[in-house]
DNA sequence: GTAAGCTCCGTACCACTGTACGGTGTCAAA
DNA sequence: TTTGACACCGTACAGTGGTACGGAGCTTAC
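Protein chains in written order, with the numbering used here: chain P, 1 to 130; chain X, 1 to 130.
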C-alpha cells in the first residue's frame, strides 16, 4: 500500500520537493526511516497531501490548511468551533468571489454590446475610482 | 494637476514604496526628474495605478495586469477574452467553495448530534479523500 | 538661514510557496 | 559486483508583491 516518495509524488502529480517542503512545514508527518530501505509514504499521508492541494485550490493558504489539520487533536466541541469559523470564512470568500463574478460579468457584457473595437469598456472601467 | 509621490500615494491610499515598486516593475512610467524639485506624478499615472489596484481587486496578478496594459492599444475583443478566462476561473472557485461549504455544514451538524466528545466526525472525515 | 519634513535611490529584507543542487547512501538488476 | 536509478538531507535560490532603511539632496516655513 505504502509508496516511496517519488511514487507518491507521481500519483499526486506534484514535485518530490513539494512533499519534502510540506514535511518541513509540518503539514504532513515524515514517515520514519526504516533501518533498511527508504521511507514509505502510507495512503493516509497521500490523502492528506491531496487534502492540502484541494484546500489550496479553493484559496486556502498553507497556514489555513495547517489550522484545518490541527483540528485533529482537539475534542469534538473545539473542532466544531473551528469548523464553524472556517465555514464563516468560506462564506465570506464565496461572497467576495461572487461580487467579483458579477463585476466581471458586467464588464464582459458591456464588451459584447460595444461596437467600437478600438475602445474597450473594461479598460475604461478599470481606470475609474471605485 | 500633477502631484508629488506622497500626495499621489495618499490619494490612492497606498504606500509610497508601492509606487516605486510598480516603477521598477515597469507597470508605470517614472516621471522625469526635473532639474529643480521633485518628480511630478501626472493624473494619467495615478489613473494607471488605480487601474492596477482595481484589476488586482478583481483577482488579476501584476503579470496579468501588465498584459491588460499592453492590450490598451489592442482591440476590445482581446481584452474581453482575458476577462472571460478570469471569469471562468472565478466560477470554478466559487463552485469548489460551495462544495466545501456544504461539506462543512454536514460535518458541523453531525457534530451537533454527536454525544461522544472524544470522537469527532470531522476528524474522521479529514482522514478521508475529499 | 536653519530646521523640519519631504524626496530620491539603492539596497536589504519580509512572507509565501515552492524548486534546484550537490554530495552521499541505498537498492535492484545484469 | 558493478552500474544506474532512486532516496536522503541540508542548503541555496526563485518568483510574487511588496515594505523598510539609511544617507544623501531639496523645499518650505519660520
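Ideal placement from N, C-alpha and C gives every residue a C-beta, glycine not left out.
Spatial neighbours of residue 40(P) in its own chain (CB-CB distance under 8 Å, excluding positions within 5 residues in sequence) are listed in chain order as 2, 3, 4, 31 and 34. By the neighbour-count criterion, in which a residue is buried when 16 or more other Cβ atoms sit within 10 angstroms of its Cβ, residue 24(P) is exposed. Pairing residue 97(P) with residue 50(X), the inter-Cα distance amounts to about 20 Å. Taking the beta carbon of residue 67(P) as reference, no residue of chain X falls within 8 Å; the closest one sits roughly 12 Å away.
Between residue 62(P) and residue 17(P), the alpha-carbon positions lie close to 16 Å from each other. Near chain X, meaning a CB-to-CB distance below 7 Å, the residues of the segment 71–85 of chain P are 71, 72, 75, 76, 77, 79, 80, 83 and 84.
Relative to residue 46(X), the option among 57(X), 67(X), 76(X) and 22(X) whose CA is nearest is 22(X). Nearest CB-CB separation between residue 107(X) and chain P: below the 8 Å threshold. Collapsing the DSSP output to three states places residue 74(P) in coil. The Cβ atoms of residue 88(P) and residue 71(P) do not sit closer than 8 Å to each other. Residues 120, 121 and 122 of the same chain have their beta carbon placed closer than 8 Å to that of residue 111(P), with the five preceding and five following residues left out of the count. Boundaries of the alpha helix (DSSP H) around residue 9(X): 5–12. By the rule that beta-carbons nearer than 8 Å mark a contact, residue 62(X) does not touch chain P. Taking a beta-carbon distance threshold of 8 Å, residue 94(X) counts as an interface residue toward chain P. Around residue 79(P), the same chain offers 71 as residues with beta carbons nearer than 6 Å, after the five sequence neighbours per side are excluded.
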